[in-house]
Each structure stands twice: as C-alpha cells, then as structure tokens.
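Just so we're aligned, residue 0 is where the sequence shown starts under numbering that gives the first Met the number 0, counting upward by one. Here's the structure we're looking at; comments come further down.
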Amino acid sequence: MTSEDAGRALAPGLYFHEDLRPGDWYRTGGILVTESHVVGFAGLGGDFFDLHMDEAYARDLGFAGRAAHGLLVLALADGLKNRAAVQLAAVASLGWDWTFAAPVFIGDRIEARLTVADTRLTSRGDRGIVRLRIAVGNQNGDDVQHGTNTLMMRRRNAGPLRDAEGPAGARRP
C-alpha cells in the first residue's frame, strides 16, 4: 500500500467528477477471501486450475496453500470500491490496467486504497473521466494487486443521463 502523505483524504459521501482532483484518496473496508469465494468463482468462470482447487498441488508448487484466482481478487476489490463509504457518481467502467503482484490465499483479508490519478471532461463536456490508481493489500500490508481503473462519471449539474444509460429518473448512485 502507498503512503498517505500526499493528497486529500476523502470523507464519506457522494462525489461527482468536478469534486475530485488528482491526489485525492480513500481506503475501502476489507473482505476475507473464503473457500466459498474460490469455489464459486471457479464454477462461474470455469477455471478449475489445480492451484485454486487442490491444496496438495499448490503446496507442491511451493505455495502456502490454494491461491485465489487473480480475477476473483480484482472482482472483490471492485466490490469493495463500490461498497465504500466514499461513493463515486460513476456511469460506467471504461477499462482496467492491472497487475497481479503476489498470490492471495484462502483466509487472507484484502482491502484497497484508491487514489485519483487524473481527471478530464469528455468531448461532449456533460460527463467526466477519472482514472483511479488502486492498490490492493493483504492483512500483512503486502501489495498483492495494483493498477488503474478508468471511470466515466456524472457531473453534478449536467442534467439527467439519457441514451445508453437508460431513461431519465432511473436509479443511479
């Protein structure tokens, strides 16, 4: 995880594009990675690779135990982001640039620190783009995954969203 010596710590609340500036940051809560997560994710994605499913195989490879799928950990981190006390008025995720830095094992507890890397307006100017740097750490403070997530965000006074986002008045953050 990175140090917290630069930027503004965001207080709980809803943030629109224009509320954010580079360096703003917040931490999520944590989640314990369970066997149910790993087995459920294997079933969902069809990835039953032995490293995830077979304790003896994982140990024979030199791991401390069965490792969670990298994409499972990314999905859990995204869920932590979306359930955090700091809420971003997002329209959609536009993409990820992500690194699996270290294994995450069943029984590990992960949390994330998110930092605003940069912001800009869309070409139409009615929405904004925010790139978040995200660092996922375990209970020992080890960096297990990190990267960026680019979000399209609502602007506070841009009016109701229409078109691909659905009808005006549909439930949004």
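Glycine included, every Cβ here is placed at the ideal spot set by N, Cα and C.
On the criterion of 16 or more Cβ atoms from any shown chain inside 10 Å, does residue 81 qualify as buried, or is it exposed?
Around the Cβ of residue 81, a 10 Å sphere holds fewer than 16 other Cβ atoms; the residue is exposed.
Cα-Cα separation, residue 75 to residue 156
So the alpha carbons of these two residues sit roughly 32 Å apart.
Runs of alpha helix (DSSP H) wholly within the stretch 37-76 (minimum 4 residues, chain order):
List check, alpha helix (DSSP H) in window: 49-52, 54-59.
Assuming residue 128 contacts residue 147 (C-beta within less than 8 Å), just tell me the rounded distance between them.
Actually they do not touch by this definition, with Cβ atoms about 12 Å apart.
Using three-state DSSP, classify residue 82 as helix, strand or coil.
It is helical.
Could you check whether residue 107 and residue 86 sit closer than 8 Å to each other, using their CB atoms as the reference points?
Going by C-beta atoms, residue 86 is not nearer than 8 Å to residue 107.
Okay, do the stretch 110-126 and the stretch 21-29 touch, 3+ Cβ pairs below 8 Å being the bar?
When C-beta atoms of the stretch 110-126 are compared with those of the stretch 21-29, three or more pairs fall below 8 Å, so the two segments count as touching.
Could you give the distance in angstroms between the alpha-carbon of residue 143 and the alpha-carbon of residue 12?
Taking the straight line from one Cα to the other gives about 27 Å.
What do you reckon, are the CB atoms on residue 16 and residue 149 nearer than 8 Å?
Not a contact, by the Cβ cut-off of 8 Å.
Is it true that the CB of residue 104 sits closer than 8 Å to the CB of residue 67?
Taking C-beta atoms as the reference points, residue 67 and residue 104 count as a pair closer than 8 Å.
Reducing DSSP to helix, strand and coil, say where residue 18 ends up.
In this structure, DSSP gives residue 18 a helical state, which the three-state scheme calls helix.
Please check the pair residue 71 and residue 40, which I expect to be a contact at CB under 8 Å, by giving their CB distance rounded to whole angstroms.
Yes, they are in contact, since the Cβ atoms of residue 71 and residue 40 sit about 4 Å apart, within 8 Å.
Span separating the alpha-carbon of residue 125 from that of residue 109:
Rounded to whole angstroms, residue 125 and residue 109 show a C-alpha spacing of 35 Å.
Is the beta carbon of residue 28 closer than 8 Å to that of residue 79?
For residue 79 and residue 28, yes; Cβs fall inside 8 Å.
Give the DSSP-derived three-state secondary structure of residue 122 in the structure shown.
DSSP places residue 122 in coil when its eight states are reduced to three.
Residues in the same chain with beta-carbon distance under 6 Å from residue 83, minus the five sequence neighbours each way, listed in chain order, please.
Counting only Cβ-Cβ distances below 6 Å, and skipping sequence neighbours, we find 27.
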